[in-house]
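3 is the number of the first residue of the sequence shown in my numbering; add one for each residue after it.
For glycine and all other residues, C-beta sits at the position ideal for the given N, C-alpha and C.
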Amino acid sequence: MVKKLHIKTFGCQMNVYDSGRMGDVLAHHGYGLTIDADGADMVILNTCHIREKAAEKLYSELGRFRILKDARKAAGKTTLIAVAGCVAQAEGAEIMRRAPFVDIVLGPQTYHRLPELIARAERSAGDGVLDIEFPPESKFDHLPDAAPTSSAAFLTIQEGCDKFCTFCVVPYTRGAEYSRPIADIVAEARLLCAAGVAEITLLGQNVNAYRDGDTGAGLGPLIRALDDIDGLARLRYMTSHPIDMDDDLIAAHGEVDALMPFLHLPVQSGSDAVLARMNRRHRIDDYRRTIDQLMAARNDLKLSSDFIVGFPGESDKDFEATLELAANIGFIQAYSFKYSPRPGTPAAAMVDQVPEALKSERLAALQDVLNASQREFNEGCDGRVMAVLFDRAGRKDGQLVGRSPYMQPVHVMAPESLMGQVTDVVITETNANSLGGELAATSTGTSQRKISA
Numbered sequence: 003m004v005k006k007l008h009i010k011t012f013g014c015q016m017n018v019y020d021s022g023r024m025g026d027v028l029a030h031h032g033y034g035l036t037i038d039a040d041g042a043d044m045v046i047l048n049t050c051h052i053r054e055k056a057a058e059k060l061y062s063e064l065g066r067f068r069i070l071k072d073a074r075k076a077a078g079k080t081t082l083i084a085v086a087g088c089v090a091q092a093e094g095a096e097i098m099r100r101a102p103f104v105d106i107v108l109g110p111q112t113y114h115r116l117p118e119l120i121a122r123a124e125r126s127a128g129d130g131v132l133d134i135e136f137p138p139e140s141k142f143d144h145l146p147d148a149a150p151t152s153s154a155a156f157l158t159i160q161e162g163c164d165k166f167c168t169f170c171v172v173p174y175t176r177g178a179e180y181s182r183p184i185a186d187i188v189a190e191a192r193l194l195c196a197a198g199v200a201e202i203t204l205l206g207q208n209v210n211a212y213r214d215g216d217t218g219a220g221l222g223p224l225i226r227a228l229d230d231i232d233g234l235a236r237l238r239y240m241t242s243h244p245i246d247m248d249d250d251l252i253a254a255h256g257e258v259d260a261l262m263p264f265l266h267l268p269v270q271s272g273s274d275a276v277l278a279r280m281n282r283r284h285r286i287d288d289y290r291r292t293i294d295q296l297m298a299a300r301n302d303l304k305l306s307s308d309f310i311v312g313f314p315g316e317s318d319k320d321f322e323a324t325l326e327l328a329a330n331i332g333f334i335q336a337y338s339f340k341y342s343p344r345p346g347t348p349a350a351a352m353v354d355q356v357p358e359a360l361k362s363e364r365l366a367a368l369q370d371v372l373n374a375s376q377r378e379f380n381e382g383c384d385g386r387v388m389a390v391l392f393d394r395a396g397r398k399d400g401q402l403v404g405r406s407p408y409m410q411p412v413h414v415m416a417p418e419s420l421m422g423q424v425t426d427v428v429i430t431e432t433n434a435n436s437l438g439g440e441l442a443a444t445s446t447g448t449s450q451r452k453i454s455a
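Written as structure tokens, this is what we have:
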């Protein structure tokens, strides 16, 4: 009998990838995924430590699942509860202490051991099992083949970070930078495309720091190797650090048609003084120069970014520099946040913490600028023919939803046969966060798609 597995994912795209791979691991051990947590034999909370009050949000969720576990126990059924991801890595034994009903706590580097951890938990008579090691062997060497569920897939190629930005917990929760071998990545990508995947997003905490261990090849050569795969229509990568945008990777944007003209390149602040306190290792002139080089390689490239406002010591002048940068670059998407201290990070101990009310005021002002840029770009898409990869059904009968090359959701009345296809669409409607359109008269559902001979 198949056991029911419910996975709730918080945070970044890498957690989405990790959750999928945990499902793949447990599928080989008698578990099938369910969206119904109430009927699950096992619940995994895959956590993120980036956002504010991440740990407290976890304990709130755990309180809900404790009620579920107790109710099933009263009915003679068992539910295993596991906490995975970066909060698990950071909190470790504290989770066991505050939530003793949790059966398993495991870090991002050990989820390939889930079957073993489950067996230990079932033998432990209520004592929790903790595994937050950074094992010497790579988890990727022990994972089964991925089982994609969509025409777009994530593929982790790099983990960890050596940059040590003063606000960030990633080096402590994900460890040092590690890159998978090119051959392994290409092999996984081939399997994904053979299973119907048309778009792959390469993932890493610092994805453009990728280096093959044997050859030293960077992200540019990897992208070119992936471009040769039959069936792969689109490539993306995230998240990048500005200092790792080397000349070869920039050139790939002009040479590889499958590489989409949309890049997420976090800047965090427009002020050199703030960037220095963040330990970002570059100045704003460096960032602008990189963008100029990218635009020279591909002039239809558009950018998204991350911003933190209210970082310790941020003055009015510093913030004005951020507003100026945001307005001048014209980011078509952006993620912006108020700074919140992370325990154990250098920034948490800095003096000159910015008052919360001022952070909120600055965030609202920045989002006004960013939203205006996004609206302007979306409105400029009216009447354009855009290649859209349909990857899900819309809310209306007969409607499909896909993504443009610039990651905009596009809603179209289209036959279900176009699901998973890259199709030309005439944009007829623009909104703040999405587009609407009609199938182009010449659309065949194979636009931009490489077909095997």
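Whole angstroms is fine: what's the gap from residue 250's alpha carbon to residue 284's?
Their backbone Cα atoms lie some 19 Å apart in a straight line.
Would you mind working out which of 389, 408, 399 sits nearest residue 380, comparing C-alpha positions?
Taking only the C-alpha atoms, the option nearest residue 380 is 408.
Going along the chain, which residues of its own chain have a beta-carbon closer than 8 Å to the beta-carbon of residue 75, five neighbours each way excluded?
If we look at residue 75 and ignore the five residues flanking it on each side, its Cβ neighbours are 81.
Below 8 Å between beta carbons: does that hold for residue 49 and residue 170?
Not in contact: residue 49 and residue 170 (Cβ atoms no closer than 8 Å).
From this set, 247, 431, 413, 392, which residue's C-alpha is nearest residue 421's C-alpha?
Per the Cα distances, 392.
Return the CA-CA distance between residue 44 and residue 28, expressed in angstroms with no decimal places.
Each residue's alpha carbon lies about 10 Å from the other.
If you compare alpha carbons, which of 428, 377, 356, 368 is closest to residue 390?
Cα-wise, what sits closest to residue 390 is 428.
Whose C-beta lies closer than 7 Å to the C-beta of residue 441 among residues of the same chain, with five residues either side of it excluded?
Cβ within range, chain order: 414, 416, 425, 427.
Within 10 angstroms of the Cβ of residue 301, are there 16 or more other Cβ atoms? Answer buried if so, exposed if not.
Exposed, since its Cβ has fewer than 16 Cβ neighbours within 10 Å.
Roughly how many whole angstroms lie between the Cα atoms of residue 123 and residue 153?
Distance between the alpha carbons of residue 123 and residue 153: 36 Å.
Give me, in chain order, the residues of the same chain whose beta-carbon lies closer than 6 Å to that of residue 222; leave out the 5 immediate sequence neighbours on both sides.
Closer than 6 Å at Cβ, skipping near neighbours: 250, 251, 254.
Name the one or two DSSP bridge partners that residue 124 has.
In DSSP, residue 124 forms no bridge with anything.
Given residue 359, which residues of its chain have a CB within under 8 Å of its CB, disregarding the five upstream and five downstream residues?
Contacts found: none.
For the stretch 63–70 against the stretch 17–24, are there 3 or more C-beta pairs whose distance is under 8 Å?
Touching, no, given that fewer than three Cβ pairs across the two stretches are closer than 8 Å.
Going by beta carbon distance, what residues of the same chain come within less than 6 Å of residue 2, once the five residues before and after it are set aside?
Limits of the chain in this structure are 3 at one end and 455 at the other, which puts residue 2 out of reach.
According to DSSP, is residue 13 part of a helix, a strand, or is it coil?
DSSP places residue 13 in coil when its eight states are reduced to three.
Looking at the structure shown, is residue 152 part of a helix, part of a strand, or coil, going by DSSP?
Correct three-state label for residue 152: coil.
What is the DSSP secondary structure of residue 201, reduced to helix, strand or coil?
If DSSP states are grouped into helix, strand and coil, residue 201 belongs with the strands.
At which residue ranges does the stretch 69–145 contain complete alpha helix (DSSP H) runs of 4 or more residues, listed in the order of the chain?
Entirely contained in the stretch 69–145, the alpha helix (DSSP H) runs reaching 4 residues are, in chain order, 88–93, 95–100, 116–125.
Hey, would you say residue 201 sits closer than 8 Å to residue 236, going by beta carbons?
Closer than 8 Å, so yes.
Does the beta-carbon of residue 449 have 16 or more other beta-carbons within 10 angstroms, so that it is buried, or is it exposed?
Note that residue 449 scores 42 on pLDDT, short of 50, meaning its location in the model is unreliable; the coordinates nonetheless yield the value given after this. Residue 449 comes out buried.
Within 10 Å of its beta-carbon, does residue 151 have 16 or more other beta-carbons around it, so buried, or fewer, so exposed?
Counting Cβ neighbours within 10 Å, residue 151 comes out exposed, since fewer than 16 surround it.
State the beta-bridge partners of residue 213 as determined by DSSP.
Its beta-bridge partners do not exist; DSSP assigns none.
Flag this pair as touching only if the stretch 307–315 and the stretch 264–274 have three or more C-beta atom pairs under 8 Å; answer yes or no.
Enough Cβ pairs lie closer than 8 Å, so yes.
Let me know if residue 62 comes out buried or exposed under the rule of 16 or more other beta-carbons within 10 Å of its beta-carbon.
Looking at its Cβ environment, which holds fewer than 16 other Cβ atoms inside 10 Å, residue 62 is exposed.
For residue 214, which of 79, 183, 190, 383 has the nearest alpha-carbon?
The candidate whose alpha carbon is nearest that of residue 214 is 183.
Quick one, which of 357, 8, 155, 111 has its alpha-carbon nearest residue 143's?
Closest by alpha carbon: 111.
Three-state secondary structure (DSSP) at residue 404?
Correct three-state label for residue 404: strand.
Return yes when the Cβ of residue 203 is within less than 8 Å of the Cβ of residue 239, no when it is not.
In this structure, residue 203 lies closer than 8 Å to residue 239 by Cβ.
To the nearest angstrom, how far is the alpha carbon of residue 394 from that of residue 354?
Near 47 Å, if we compare the C-alpha coordinates of residue 354 and residue 394.
Can you round the beta-carbon distance between residue 406 and residue 388 to whole angstroms, since I take them to be within the 8 Å contact cut?
Right, their Cβ atoms sit about 5 Å apart.
For a minimum of 3 consecutive residues, which ranges assigned as the beta strand (DSSP E) are wholly contained in the stretch 29–65?
Correct list: 33–35, 44–49.
Suppose the cutoff is 6 Å on Cβ atoms and the five residues either side in sequence are ignored; what does the same chain contact list for residue 455 look like?
With a pLDDT of 27 at residue 455, under the threshold of 50, the predicted position of this residue should be treated as unreliable, though the coordinate-derived value follows. Result list for residue 455: empty, nothing under 6 Å.
Taking the C-alpha atoms as reference points, what is the distance between residue 149 and residue 194?
Those two C-alpha atoms are separated by around 8 Å.
Less than 8 Å between the beta carbons of residue 92 and residue 46, yes or no?
No, Cβ-Cβ distance for residue 92 and residue 46 is not below 8 Å.
Inspect the beta-carbon positions of residue 128 and residue 98 and report whether they are closer than 8 Å.
No. Outside cutoff.
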